[in-house]
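Report on the following structure.
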Amino acid sequence: MLCKRELLAKYSNLLPSKNENQATQEDSQIPFFRLFHQGKMISQIIAYIWRYGDKDTPKGDAARRLSGYFENPGDNGANIKKLWQAIPNPNGALEDQLLYAVFPMEGENYPDGYFFPIFNSSERTYYSFITDVNNFQGVIEDANVNTPELMRLTTPFPPRPQLGELTVTETELEQWINNREPRDVIAKNPYIPTCTS
Numbered sequence: 005m006l007c008k009r010e011l012l013a014k015y016s017n018l019l020p021s022k023n024e025n026q027a028t029q030e031d032s033q034i035p036f037f038r039l040f041h042q043g044k045m046i047s048q049i050i051a052y053i054w055r056y057g058d059k060d061t062p063k064g065d066a067a068r069r070l071s072g073y074f075e076n077p078g079d080n081g082a083n084i085k086k087l088w089q090a091i092p093n094p095n096g097a098l099e100d101q102l103l104y105a106v107f108p109m110e111g112e113n114y115p116d117g118y119f120f121p122i123f124n125s126s127e128r129t130y131y132s133f134i135t136d137v138n139n140f141q142g143v144i145e146d147a148n149v150n151t152p153e154l155m156r157l158t159t160p161f162p163p164r165p166q167l168g169e170l171t172v173t174e175t176e177l178e179q180w181i182n183n184r185e186p187r188d189v190i191a192k193n194p195y196i197p198t199c200t201s
């Protein structure tokens, strides 16, 4: 399954209306709402790493630690699964604290489009999490001969472009990190990785 950036740009037509209940969203065969928002949250984590990773601050420390999960996802994503099962909490386990740095939310009342853990236990069981340092576009692929029991979720984690007006600015990264609008599932700037596939 591969969703192109063009589909995501037209995503607002796929978003459930305020009148539709949660059961309707969960009953769809392909959970677009969930897939798109998982991708958005991953993209925001990468934007956070890019924005703060070279700073000598608590945010910089969090960004560098987050980067380690993408640099070394482990076999079938064993390391990064720890991050995907976390729930933002400033006093929780390391992964909970790191997610809290990016998503400073507490309690059960998250904004529309935000849910934690980012990947539920079933998704963590049936996805193989892979990092691709050569692309800005993520992909979800069917199981294959090498991993017949696992779908492959490839997350783009390219080197950060040089910050500037011709690529991406610190302001654009900050705006994307803080974007809580449920209809915005990809950043306007194409240099910010699109993790929804």
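When the letters of the sequence shown are read in order and numbered with the working numbering, they come out as residues 5 to 201.
The C-beta atom is built at its ideal place from N, Cα and C for all residues, glycine as well.
As the structure is a computational prediction, the values presented were derived from the model and not from experiment.
Practice problem: Note down, one range per segment and in chain order, each beta strand (DSSP E) of at least 3 residues found wholly within the stretch 75-156. | Solution: 131-136 and 143-145
Quiz item: If you draw a straight line from the alpha carbon of L157 to that of S132, how long is it in whole angstroms?
Solution: 6 Å
Quiz prompt | Reference F40; option with closest CA among P194, P186 and K192 | solution = P186
Self-check item: Coarse secondary structure for L167, derived from DSSP in three states
Solution: Look at L167 here: in three-state DSSP terms it is strand.
Quiz item: Around the C-beta of Q166, are 16 or more other C-beta atoms found within 10 angstroms, so that it is buried, or is it exposed?
Solution: exposed
Quiz item: Counting along the chain, where does the alpha helix (DSSP H) carrying K192 start and finish?
Solution: Looking at the DSSP string, K192 is not in any alpha helix (DSSP H), and its letter there is neither H nor E.
Exercise. Rank I144, Q89 and T135 by C-alpha distance to the C-alpha of E75 and give the top, closest one.
Key: T135
Practice problem: Less than 8 Å between the CB atoms is what I'm expecting for A82 and I181, so what's the real figure, rounded? | Solution: Not a contact, Cβ separation roughly 27 Å.
Quiz item: Where K44 and S126 are concerned, what is the direct C-alpha to C-alpha distance, given to the nearest angstrom?
Solution: 20 Å
Self-check item: T175 (DSSP reduced to helix, strand or coil)
Solution: In the three-state scheme derived from DSSP, where H, G and I count as helix and E and B as strand, T175 is classed as helix.
Quiz item: Sorted by chain position, which residues of the same chain lie with C-beta nearer than 7 Å to P160's C-beta, five sequence neighbours on each side aside?
Solution: Around P160: D136, N139, F140, Q141, G142, P197 and C199.
Practice problem: Please name the residue, chosen from E99, L177, P92 and F107, that lies closest to G72 on a Cα-to-Cα basis. | Solution: E99
Quiz item: Which residues in the same chain as Q48 place their Cβ atom closer than 8 Å to its Cβ, once the five residues preceding and following it in sequence are excluded?
Solution: If the five residues before and after Q48 are omitted, its C-beta is found closer than 8 Å to the C-beta atoms of V106, F107, W180, I181 and N183, all from its own chain and listed in chain order.
Quiz prompt | Cβ-Cβ separation, N113 to Y104 (assumed contact under 8 Å), whole Å | solution = Not confirmed; about 15 Å, so no contact.
Quiz item: Three-state secondary structure (DSSP) at P35?
Solution: coil
Quiz item: What number of angstroms, rounded off, separates the C-alpha of I190 from the C-alpha of N95?
Solution: 30 Å
Quiz item: Given Q101, which residues of its chain have a CB within under 8 Å of its CB, disregarding the five upstream and five downstream residues?
Solution: The answer, listed in chain order, is A66, N93, P94 and N95.
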